[in-house]
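K.L.:
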Amino acid sequence: MKMNHHFSELPGSYLFSEVAKRVAAHRAARPEQGIISLGIGDVTRPLCRPVVAALAEACFEQGRAETFHGYGEEQGDLFLRQAIAGHYAGLGVRVEPEDLFISDGAKSDLAGLSELFSPGCTVLLQDPVYPAYRDASLLAGRRVEYLDAVRENGFLPLPEPGCRADLVYLCSPGNPTGAVYSREQLAAWVAWANAQGAVLVFDAAYEAFIADPALPHSIYSVPGSETCAIEVCSFSKTAGFTGTRCGYTAVPRTLQREGLNLHDMWLRRQTTKTNGVSYPVQRGAAAVFTAEGQAACRENIALYRRNAQCLAACLEELGIWFCGGENSPYLWLECPDGMDSWQFFDHLLQGAGVVGTPGSGFGKNGEGYFRLTAFGAEADTAEAVRRILRLYGR
Ligand code: PLP
Numbered sequence: 005m006k007m008n009h010h011f012s013e014l015p016g017s018y019l020f021s022e023v024a025k026r027v028a029a030h031r032a033a034r035p036e037q038g039i040i041s042l043g044i045g046d047v048t049r050p051l052c053r054p055v056v057a058a059l060a061e062a063c064f065e066q067g068r069a070e071t072f073h074g075y076g077e078e079q080g081d082l083f084l085r086q087a088i089a090g091h092y093a094g095l096g097v098r099v100e101p102e103d104l105f106i107s108d109g110a111k112s113d114l115a116g117l118s119e120l121f122s123p124g125c126t127v128l129l130q131d132p133v134y135p136a137y138r139d140a141s142l143l144a145g146r147r148v149e150y151l152d153a154v155r156e157n158g159f160l161p162l163p164e165p166g167c168r169a170d171l172v173y174l175c176s177p178g179n180p181t182g183a184v185y186s187r188e189q190l191a192a193w194v195a196w197a198n199a200q201g202a203v204l205v206f207d208a209a210y211e212a213f214i215a216d217p218a219l220p221h222s223i224y225s226v227p228g229s230e231t232c233a234i235e236v237c238s239f240s241k242t243a244g245f246t247g248t249r250c251g252y253t254a255v256p257r258t259l260q261r262e263g264l265n266l267h268d269m270w271l272r273r274q275t276t277k278t279n280g281v282s283y284p285v286q287r288g289a290a291a292v293f294t295a296e297g298q299a300a301c302r303e304n305i306a307l308y309r310r311n312a313q314c315l316a317a318c319l320e321e322l323g324i325w326f327c328g329g330e331n332s333p334y335l336w337l338e339c340p341d342g343m344d345s346w347q348f349f350d351h352l353l354q355g356a357g358v359v360g361t362p363g364s365g366f367g368k369n370g371e372g373y374f375r376l377t378a379f380g381a382e383a384d385t386a387e388a389v390r391r392i393l394r395l396y397g398r
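Numbering (our numbering), first residue to last: 5 to 398.
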């Protein structure tokens, strides 16, 4: 056998391909309706001015011999790692530049980190789950097990007695449910991982959306996490980098398993597989942490938050159960009238020209649920709300 037959273990079509297919068919049938997408989690606000200025200046630097930069530092340029460490300090968390790695976004590191583990390892995921953890683990031939994230546990499962795994992906604020772990809940995961010798991969891609000051933005706000947790974060949703590509991963130098240092392993892996992120993109990302950059990003997040409030008010008026949207750009709702996820998808698309994401695409526990995002343009979100209310006779 020469081929990677694990490809055949993946779901037949990627969730968003099926969404795109149904939307294209509907657009062809009803070209006059106009479709509003609150489906894929892409942002709509452009890069802010300080980021664009820094990107542009860095491009010009690259065009002059005196300011030209060739290959950057192995873990990413120090100016950006220092700025990120400063951001962590602002959250009351100590992460040193030496622990940080700059990436082209969270997804590649979330997938690549499983290479630190042997092929026989067990990966523990939540169901419903951000599909990339599942698909990357399956492709690498890992054993994948699931913890139920259901309404009864607030979509925030905790380690159960007898629970065993080598690698656990935690996403908080969660995609797709918008649920956010409290510090006490994260402390339970940290205690479990240290006792078991497991490693937590904490995906904080949506940390900037946390509004409640009591909720943790980083796993490193929990004592003991520096010996069991890797944190992955991204500029995609916080600063509009979905198309510009930049993220960062903290692998503490204190994280060891079976006599191996995971920081050193990740450095070796990264220097083998990538020469890093372009200098202009890193300069643009560093501008996110300037006072002007932070103010602009906060303004964009406030706009997305208003969209979430507008969607939440609509669901409340219709008496549809939902969670999320307060500390997350995602609202996770129960499909009304006993519809399953794809039935509700078709109902909204055909009746209102509004596109969301069927919960069943995120796992079996997502069946009967639906995800809406607050990342649309403000006017589009308001129009989507009007259409949904009209669909239900309001
Ligand atoms: N993690 C989560 C939970 C996401 O929802 C996404 C993108 O939607 C990512 C990571 C990927 O982020 P990036 O654009 O940095 O690759």
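Every residue gets a Cβ at the ideal spot worked out from N, C-alpha and C, and that includes glycine.
Roughly how many angstroms lie between the CA atoms of LEU395 and ALA212, to the nearest whole one?
P.N.:
What you label residue 395 is simply residue 391 of the sequence shown in a count that begins at 1. What you label residue 212 is simply residue 208 of the sequence shown in a count that begins at 1. Spanning the two alpha carbons is a distance of roughly 33 angstroms.
K.L.:
Could you compute how far the alpha carbon of GLU321 sits from the alpha carbon of LEU259?
P.N.:
For the purposes of this step, residue 321 is taken as residue 317 along the sequence shown, with counting starting at 1. For the purposes of this step, residue 259 is taken as residue 255 along the sequence shown, with counting starting at 1. The alpha-carbon atoms of GLU321 and LEU259 are separated by roughly 49 angstroms.
K.L.:
Would you mind reading off the limits of the beta strand (DSSP E) that contains TYR150?
P.N.:
For this step, residue 150 is matched to residue 146 along the sequence shown. Here the beta strand (DSSP E) through TYR150 covers 147–152.
K.L.:
Tell me whether LEU277, by its Cβ, gets closer than 8 angstroms to a heavy atom of ligand 1.
P.N.:
Counting from 1 along the sequence shown, the entry for residue 277 is found at position 273. Correcting the residue type first, residue 277 is Lys in the shown sequence and not Leu. No, the beta carbon of LYS277 sits no closer than 8 angstroms to any heavy atom of ligand 1.
K.L.:
Might you give, ordered along the chain, the residues of its own chain that have their beta carbon closer than 6 angstroms to the beta carbon of ALA87, omitting 5 neighbours on each side?
P.N.:
Residue mapping note: residue 87 aligns to position 83 of the sequence shown, counting from 1. Excluding sequence neighbours, ALA87 sits near ALA290 and PHE293.
K.L.:
List the whole-angstrom C-beta distance separating ASP113 from THR231, where the pair is believed to meet the contact cut-off of C-beta under 8 angstroms.
P.N.:
For the purposes of this step, residue 113 is taken as residue 109 along the sequence shown, with counting starting at 1. For the purposes of this step, residue 231 is taken as residue 227 along the sequence shown, with counting starting at 1. So it is not a contact: roughly 20 angstroms between Cβ atoms.
K.L.:
Which runs of the alpha helix (DSSP H), 4 residues or longer, sit entirely within the segment 91–152?
P.N.:
Taking only runs of at least 4 residues, the alpha helix (DSSP H) segments lying wholly in the segment 91–152 are 110–116 and 135–143.
K.L.:
Between GLY124 and LEU142, what straight-line distance do the alpha-carbon atoms span, to the nearest angstrom?
P.N.:
Within the sequence shown, residue 124 is the residue found at index 120, counting from 1. Within the sequence shown, residue 142 is the residue found at index 138, counting from 1. Cα to Cα, GLY124 sits roughly 12 angstroms from LEU142.
K.L.:
DSSP three-state label for TYR252, please.
P.N.:
Position 248 of the sequence shown, counting from 1, holds the residue named residue 252. Correct three-state label for TYR252: strand.
K.L.:
Less than 8 angstroms between the CB of ASP207 and some heavy atom of ligand 1, yes or no?
P.N.:
In the sequence shown, residue 207 corresponds to position 203, counting from 1. Checking every heavy atom of ligand 1 against the Cβ of ASP207, one is found closer than 8 angstroms.
K.L.:
According to DSSP, which residues form a beta bridge with ASN265?
P.N.:
Taking the sequence shown and counting its residues from 1, one reaches residue 265 at position 261. Note: ASN265 sits in a beta bridge opposite GLN260.
K.L.:
Below 6 angstroms CB to CB, which residues in the same chain sit around ASN304 once its five sequence neighbours on both sides are set aside?
P.N.:
Position 300 of the sequence shown, counted from the start, is the residue given in the question as residue 304. Counting only Cβ-Cβ distances below 6 angstroms, and skipping sequence neighbours, we find ARG49.
K.L.:
Nearest to GLU57 by alpha carbon, out of GLY297, GLY342, GLY370 and THR385?
P.N.:
Walking along the sequence shown from the start, residue 57 turns up at place 53. Residue identity differs from the one stated: residue 57 is Ala in this sequence, not Glu. With distances taken between Cα atoms, ALA57 lies closest to GLY297.
K.L.:
ARG287 and SER225 look like a contact to me (Cβ under 8 angstroms); what is the Cβ gap, rounded to whole Å?
P.N.:
In the sequence shown, the residue the question calls residue 287 occupies position 283. In the sequence shown, the residue the question calls residue 225 occupies position 221. That belief does not hold up - the Cβ atoms of ARG287 and SER225 are roughly 29 angstroms apart, past 8 angstroms.
K.L.:
Okay, do the segment 366–384 and the segment 36–47 touch, 3+ Cβ pairs below 8 angstroms being the bar?
P.N.:
Short answer: they touch.
K.L.:
Which same chain residues, not among the five before or five after ILE44, have their C-beta less than 7 angstroms away from its C-beta?
P.N.:
Taking the sequence shown and counting its residues from 1, the one referred to as residue 44 is at position 40. Cβ within range, chain order: PHE20.
K.L.:
If we count the other Cβ atoms within 10 Å of its Cβ and call it buried at 16 or more, is PHE3 buried or exposed?
P.N.:
No answer is possible for residue 3: the residues shown for the chain start at 5 and end at 398.
K.L.:
Can we count GLY109 as close to ligand 1, meaning its CB is less than 8 angstroms from some heavy atom?
P.N.:
Position 105 of the sequence shown, counted from the start, is the residue given in the question as residue 109. For ligand 1, at least one heavy atom lies less than 8 angstroms from the Cβ of GLY109.
K.L.:
With distances taken between CB atoms, is the gap from LEU120 to TRP346 smaller than 9 angstroms?
P.N.:
Here residue 120 refers to the residue found at position 116 of the sequence shown. Here residue 346 refers to the residue found at position 342 of the sequence shown. Taking 9 angstroms as the Cβ cut-off, LEU120 and TRP346 do not qualify as a contacting pair.
K.L.:
Can you list, in chain order, the residues of its chain with a C-beta nearer than 8 angstroms to that of LEU307? Leave out the 5 residues immediately preceding and following it.
P.N.:
Position 303 of the sequence shown, counting from 1, holds the residue named residue 307. So the list reads ARG49 and GLU382, once near-sequence residues are dropped.
K.L.:
Are there 16 or more other CB atoms within 10 angstroms of the CB of GLY109, so buried, or fewer, so exposed?
P.N.:
Residue mapping note: residue 109 aligns to position 105 of the sequence shown, counting from 1. Under this definition GLY109 is a buried residue.
K.L.:
Put ALA299 into one of helix, strand or coil per three-state DSSP.
P.N.:
In the sequence shown, the residue the question calls residue 299 occupies position 295. Residue state, collapsed to three classes: helix.
K.L.:
Using CA coordinates, which residue listed in LEU59, SER176 and GLU102 is at the minimum distance from LEU129?
P.N.:
On the sequence shown, position 125 is the one that residue 129 refers to. Ranking the options by Cα distance to LEU129, first place goes to SER176.
K.L.:
Mind checking who PHE326 pairs with in its DSSP beta bridge?
P.N.:
The sequence position of residue 326 within the sequence shown is 322, counting from 1. Note: PHE326 sits in a beta bridge opposite LEU337.
K.L.:
Could you check whether LEU174 and SER118 sit closer than 9 angstroms to each other, using their CB atoms as the reference points?
P.N.:
For the purposes of this step, residue 118 is identified with residue 114 of the sequence shown, where counting begins at 1. For the purposes of this step, residue 174 is identified with residue 170 of the sequence shown, where counting begins at 1. No, the Cβ-Cβ distance between SER118 and LEU174 is not below 9 angstroms.
K.L.:
Can PHE239 be considered in contact with ligand 1, in the sense that its beta carbon sits closer than 8 angstroms to one or more heavy atoms?
P.N.:
Residue mapping note: residue 239 aligns to position 235 of the sequence shown, counting from 1. Because some heavy atom of ligand 1 lies under 8 angstroms away, the Cβ of PHE239 counts as near it: yes.
K.L.:
Measuring CA to CA, which of SER107, THR276, GLY76 and GLU78 is closest to PHE245?
P.N.:
Along the sequence shown, one-based indexing puts residue 245 at 241. Comparing Cα-Cα distances from PHE245 to each of SER107, THR276, GLY76 and GLU78, the minimum goes to SER107.
K.L.:
Got a sec? Which residues, its chain only, sit under 6 angstroms from ASP81 by beta carbon, not counting five neighbours each side?
P.N.:
The residue given as residue 81 occupies position 77 in the sequence shown. Around ASP81: GLN286.
K.L.:
Are the CB atoms of THR126 and GLU149 nearer to each other than 9 angstroms?
P.N.:
Position 122 of the sequence shown holds residue 126. Position 145 of the sequence shown holds residue 149. For THR126 and GLU149, yes; Cβs fall inside 9 angstroms.
K.L.:
Relative to the C-alpha of VAL203, which residue among VAL255, GLU78, SER332 and ASP139 is closest?
P.N.:
Counting from 1 along the sequence shown, the entry for residue 203 is found at position 199. Checking every option, the nearest Cα to that of VAL203 belongs to VAL255.
K.L.:
With ALA215 and CYS237 assumed to form a contact (beta carbons below 8 angstroms), what rounded beta-carbon distance in angstroms separates them?
P.N.:
Locating residue 215 in the sequence shown gives position 211, where the first residue counts as 1. Locating residue 237 in the sequence shown gives position 233, where the first residue counts as 1. Rounded, the Cβ-Cβ distance is 18 angstroms, inconsistent with contact.
K.L.:
Can you tell me the Cα-Cα spacing of ASN265 and ARG257, whole angstroms?
P.N.:
Locating residue 265 in the sequence shown gives position 261, where the first residue counts as 1. Locating residue 257 in the sequence shown gives position 253, where the first residue counts as 1. The straight-line gap from Cα to Cα measures roughly 7 angstroms.
K.L.:
So who's on the other strand from PRO362, going by DSSP bridges?
P.N.:
Translated into positions along the sequence shown, residue 362 becomes position 358. Its beta-bridge partners are PHE374.
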